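Numbering-wise, this note's numbering puts 1088 at position 300 of the sequence shown, and it's gapless, one number per residue.
Note that beta-carbon positions come from the ideal geometry of N, C-alpha and C, so glycine has one too.
None of the values given here were measured: they were computed from a predicted structure.
Notes follow the structure.
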Amino acid sequence: MANRLTATMVVDLQDKTGAKTQAIIGNMDRLKRAERDYMLADKGLRLSNRDQAMERLMTERQRSAQERHAAINTWIARGAAVTAAAGLGAAKAYGDFATLERRGNRIVINADKGTDAIQPTIDRLRKVSSDTAMPFEDIVDGLDALIAAGRTLDDSMAFLPSVAMTAQASGAAVDDMAKSADALGSALQIDPSKMQSAFDILVASGKSGKFELKDMAQYLPSLTPAFAALGYRGTDGLRKLASMLQVVRAQTGTSGEAATNLSNIFQKMDSEETAKKFGKMGVDITKTLEKARKEGRDVLDVFMDATQTATKGDLSKLTLLFTDAEMQKGMRALMTQRDELKKFTNDLKNVDGSSLKDFNQIAGDTASKIQQLDNNWTAFKNNVGKGVATVANPVLESVN
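Spelled out as structure tokens, the structure:
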């Protein structure tokens, strides 16, 4: 039998480029490793245990690196989204601040003030908004109404706290109350320091009759000039006017109708036509009213006395004195309710604190707390916008 020669061959697998097996294996994907194993098996070769262990180590390292890379990409994407959202938030805050600043600029321009008055005005408006738990925009509307009426900025800011507090207590619109404050100040010459007392009169009057405070806020600006022309001034005059509105409203369908009827009385009681009608019934109304003014008497009370004399108490004869239908209705209401008118006027002499009491009750409810939260959040966003403007403008100018 022929002797068989057995030989053992040790193969050191090495790439022609000189790279070690471990480095090559570490960079192979599954397909390449399968091809490698096939070729080695075809040649009767196999990887040593050390090389197989190295292959597993390099594969795990590669998978771990890929996982870390994927995680980093995810966080980068999330960070980009957060950055974009922050950018959009900053841009909106910037825009909101710009809008607020522009509106403040318009107001101070109308008040004949410079740009240095913008931020102090906004700060004072925020304080009024915070103190009264009213929306900031409503407070701005109130100031705007006062400035538009021709008042100075300082004058308007003096009126504004009373205006806002009374609006909150009554539910009336701030700009309507602002117009009322201007009417009371200009026509009845009520000082800002007395404005809260004036509003207390209106609040108490609105509670005691059908002519509500929100109605007064709407109609007082048109009523007070004609009423003041009759010689009425201050809170005493306001008590008279508020009482007359209530007694006329008691015999009319709406507050608007009551205001119209009373306005016609104020405007036509001194007219030439009215004087002729009174003259035909034996009363010189012009002379009578002139004498009343000189003596400092209540002109409207004197007019009602003269009407009583001319008609001899027969109110059916009112049509002979007044051809205007609205004036007839207003005078009939006043003549038939003179006792109620006197009582209303007397009751309104002791009403200090009515607005504050109502305000304190409103200020403690949940809606006021929510409004305070909204005011604080709005102020925060505007402050952010102001900061963005400070930082972004120089950068944008440089880029441009």
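Report yes if the C-beta distance between residue i and residue j is below 7 angstroms; otherwise report no.
i     : j     : result
L1001 : S958  : yes
D988  : D1140 : yes
F1015 : M983  : no
D963  : A933  : yes
A1063 : T1076 : no
D1003 : S1059 : no
Which same chain residues end up closer than 8 angstroms to residue i when comparing Cβ atoms and leaving out the 5 residues on each side of it in sequence?
i     : result
Q1096 : M1123
D1112 : N1052, K1056
G1019 : R1081, V1087
I906  : E889, G892, N893, V896
E1061 : T1111
Rounded to whole angstroms, what's the CA-CA distance from residue i to residue j? Just pull it up for me.
i     : j     : result
G1084 : K1056 : 21 angstroms
R1021 : Y1007 : 18 angstroms
G1041 : T903  : 50 angstroms
D929  : V896  : 13 angstroms
R890  : A921  : 24 angstroms
I910  : P1013 : 32 angstroms
D1127 : M953  : 33 angstroms
S1104 : Q1116 : 10 angstroms
M945  : M1092 : 40 angstroms
L1011 : E1114 : 15 angstroms
R851  : M827  : 25 angstroms
P949  : K1137 : 23 angstroms
N893  : A1047 : 37 angstroms
A936  : D919  : 24 angstroms
A955  : D1089 : 32 angstroms
N1049 : F1110 : 12 angstroms
E855  : R849  : 10 angstroms
D979  : D1102 : 42 angstroms
P908  : E1045 : 43 angstroms
D1072 : F999  : 34 angstroms
L931  : Q1125 : 39 angstroms
K808  : M846  : Only weak support exists for where K808 lies, its pLDDT of 49 falling under 50; the value from the coordinates is given anyway. K808 and M846: Cα-Cα distance of roughly 13 angstroms.
Have a look at the options and flag the residue whose alpha-carbon is nearest the alpha-carbon of residue i.
i     : options                   : result
V951  : M965, S917, K1065, T1062  : M965
M1032 : K1068, K1079, M1119, I906 : M1119
K1131 : Q956, K1100, G997         : G997
R914  : D926, Q1116, G1041        : D926
M1069 : V928, T1099, T954         : T1099
D1086 : L934, A969, T1133         : T1133
G1067 : K1028, L1108, F1054       : L1108
A1121 : R1037, V1071, V991, D1102 : R1037
S993  : Q907, L931, L1029, D1102  : L1029
K1065 : L931, D979, G1101, L1106  : L1106
Can you name, in chain order, every residue of its own chain whose Cβ lies under 6 angstroms from the Cβ of residue i, other than the five neighbours on each side?
i     : result
L1129 : S1031, V1035
E1078 : none
A1005 : A960, D964, M965, S968
R971  : Rather than Arg, the amino acid found at residue 971 in this sequence is Ala. Cβ neighbours of A971 beyond the five flanking positions: L1008, P1009, T1012.
D1135 : none
Q1039 : A1121
N898  : I935
K995  : none
L876  : Note on L876: pLDDT 47, under 50, position unreliable in the model; the coordinate value appears next. Closer than 6 angstroms at the Cβ level, and outside the excluded window around L876, lies no residue.
A872  : Note on A872: pLDDT 47, under 50, position unreliable in the model; the coordinate value appears next. Once the five neighbours on either side are set aside, A872 has no close Cβ partner at all.
Among the residues of its own chain, which have a CB less than 7 angstroms from the CB of residue i, if the five just before and after it don't count?
i     : result
K901  : L941
V870  : Residue placement at V870 is flagged as unreliable, the pLDDT there being 49, under the threshold of 50; a coordinate-derived value is accordingly withheld.
R912  : M945
L990  : L1001, M1004, A1030
F1054 : A1014, F1015, L1018
T1074 : A1063
Count Cβ pairs between the region 929-940 and the region 975-992 that sit closer than 8 angstroms; are there 3 or more? At 8 angstroms Cβ cutoff, the stretches do not touch.
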